[in-house]
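J.: I have a structure I would like to understand better, so I am pasting it below and will then ask my questions one at a time.
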Amino acid sequence: EFLTRPPLKRRDELGRLGQEIYYMSTEIRNHISGMKQFIGNVSHEFKTPLTSIKAYSELMELYPEDASLAEDAVRHIGAEADRLTEMVDKVLRLSSLEKYDFEYRPERVDMAGLLLDLIGRMKAKAERYGVELVPALTPGNAWADRESLIHIFMNLLDNGIKYNVQGGTVTVSNREAEGRSVVEIADTGIGIPAEARERVFEPFYTVNKDRSRSSGGTGLGLALVKQLTEKQGGTVELLTRTGPGTTFRLFLPLRPPSRNHSNKELV
Ligand code: ADP
211 EFLTRPPLKR RDELGRLGQE IYYMSTEIRN HISGMKQFIG NVSHEFKTPL
261 TSIKAYSELM ELYPEDASLA EDAVRHIGAE ADRLTEMVDK VLRLSSLEKY
311 DFEYRPERVD MAGLLLDLIG RMKAKAERYG VELVPALTPG NAWADRESLI
361 HIFMNLLDNG IKYNVQGGTV TVSNREAEGR SVVEIADTGI GIPAEARERV
411 FEPFYTVNKD RSRSSGGTGL GLALVKQLTE KQGGTVELLT RTGPGTTFRL
461 FLPLRPPSRN HSNKELV
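The structure is reproduced here in structure tokens:
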């Protein structure tokens with residue numbers, strides 16, 4: 211049929227096709243360069259703990275009799291190994307989401323119940339940091355994958371504790387607004403400087419490498435939070451506010467998407 215069409219029409223169609231191919235190839239090129247950058251970052255981030263593990267093992271080889279060095283080395287090697295394990299876990303999660311084979315089973319989730327449970331799980335860590343977790347919860351549901359929500363809120367609570375100050379608080383509140391479930395995690399900690407606000411959701415980005423590393427950070431937590439939230443039709447934002455501390459706000463769907471509407475139209 212294409213061959214029997216008048217040449218002018220054919221040229222039009224070929225032009226459109228060419229344009230589409232051009233856009234697709236640009237998208238693929240961008241995707242590949244993003245992946246290359248991600249792999250570069252992963253390798254770089256993995257090297258740091260590996261270098262440290264190697265250095266400590268060499269020291270132990272050099273001074274086999276030094277008991278206090280051995281004690282120190284074992285502690286450091288253990289901590290670096292934990293960090294590597296956490297990084298592998300998060301990188302795997304991030305990359306499997308990218309491939310869209312992330313298994314997610316949305317269901318009606320009792321948000322106040324879930325958040326209270328997670329606050330309970332984080333209590334011991336909060337106490338170690340001298341931080342108080344304050345629930346300000348109201349009954350309400352969201353339509354979401356429970357496992358993803360656990361990862362999201364554990365990461366946000368963990369950050370609220372890690373980047374806090376002695377005697378600080380992390381307040382967890384929820385409500386329904388504009389047909390969505392809204393959760394806020396607000397801490398009284400060190401805050402995020404204005405110039406870093408745009409970047410904190412990028413994989414491997416950390417405001418202060420030393421502080422993040424010393425508290426077992428990987429720079430992957432918020433990237434995962436963002437990706438997991440968006441995969442279920444939600445959004446996450448960092449609120450701009452004056453004064454100390456940081457507040458993250460999440461919007462999640464209240465109900466399953468209806469068949470005739472896209473997620474966007476529903477919320
Ligand atoms: P990390 O594993 O380093 O905590 P995240 O991806 O969770 O990585 O966070 C990225 C960076 O954003 C952190 O290294 C930290 O500098 C900053 N950040 C995240 N949450 C907070 C918070 N609640 N208060 C202050 N800074 C934060």
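Numbering of the sequence shown is given in UniProt numbering, commencing with residue 211 and proceeding in unit increments.
Don't be surprised by glycine CBs; every beta carbon is placed ideally from N, CA and C.
In this text, all values refer to a predicted model and were calculated from it rather than measured experimentally.
Based on Cα-Cα distance, which residue from Gly370, Phe363, Ala265, Leu324 lies nearest to Ala339?
T.: In the sequence under discussion, the amino acid at residue 339 is Tyr, which differs from the Ala named in the question. Checking every option, the nearest Cα to that of Tyr339 belongs to Gly370.
J.: Based on DSSP bridge pairs, tell me the residues matched to Arg459.
T.: Arg459 pairs with Glu394, Glu447.
J.: By how many angstroms is the C-alpha of Thr398 removed from the C-alpha of Phe458?
T.: Distance between Phe458 and Thr398, taken at the CA atoms: about 12 Å.
J.: How many whole angstroms separate the CB atoms of Leu325 and Asn384, which I take to be in contact at a CB cut-off of 8 Å?
T.: With 8 Å as the limit, Leu325 and Asn384 qualify as a contact, their Cβ atoms being about 6 Å apart.
J.: Helix, strand or coil for Arg407, going by three-state DSSP, please let me know.
T.: coil
J.: Where do the N-terminal and C-terminal ends of the beta strand (DSSP E) with Asp355 fall, by residue?
T.: Note, Asp355: beta strand (DSSP E), 351-355.
J.: For Val252, report the span of its alpha helix (DSSP H) as first-last.
T.: 217-272
J.: Should Asp397 be listed as close to ligand 1, given that the test is whether its C-beta is under 7 Å from any heavy atom?
T.: yes
J.: Figure out for me which residue from Pro413, Gly350, Met332, Ala406 has the closest Cα to the Cα of Gly250.
T.: Pro413
J.: Ends of the alpha helix (DSSP H) at Glu440?
T.: For Glu440, the enclosing alpha helix (DSSP H) stretches over residues 431-441.
J.: Among Arg239, Leu227, His286, Ile362, which has the Cα closest to the Cα of Gly431?
T.: Ile362
J.: Mind checking Glu255: buried by the 16 CB within 10 Å criterion, or exposed?
T.: buried
J.: Report whether the distance from the Cβ of Asn251 to the nearest heavy atom of ligand 1 is below 7 Å.
T.: no
J.: Are at least three pairs of beta-carbons, each pair with one atom in the stretch 283-297 and one in the stretch 257-264, less than 8 Å apart?
T.: Yes, they touch.
J.: How far does the alpha helix (DSSP H) with Arg338 in it reach, from first residue to last?
T.: Residues 321-339.
J.: Tell me which same chain residues have a C-beta within less than 7 Å of the C-beta of Pro466, skipping the five on either side of it?
T.: Pro316, Trp353
J.: Is Asn351 near Val319, with beta carbons less than 8 Å apart?
T.: yes
J.: For Asn384, write down the residues that DSSP places opposite it in a beta bridge.
T.: Among the bridge pairs identified by DSSP, Asn384 is matched with Val393.
J.: How long is the line joining the alpha carbons of Gln247 and Ser253, rounded to whole angstroms?
T.: Our two residues, Gln247 and Ser253, have alpha carbons roughly 10 Å apart in a direct line.
J.: Under 7 Å from any heavy atom of ligand 1, does the C-beta of Thr258 make it?
T.: No, the Cβ of Thr258 stays beyond 7 Å of every heavy atom of ligand 1.
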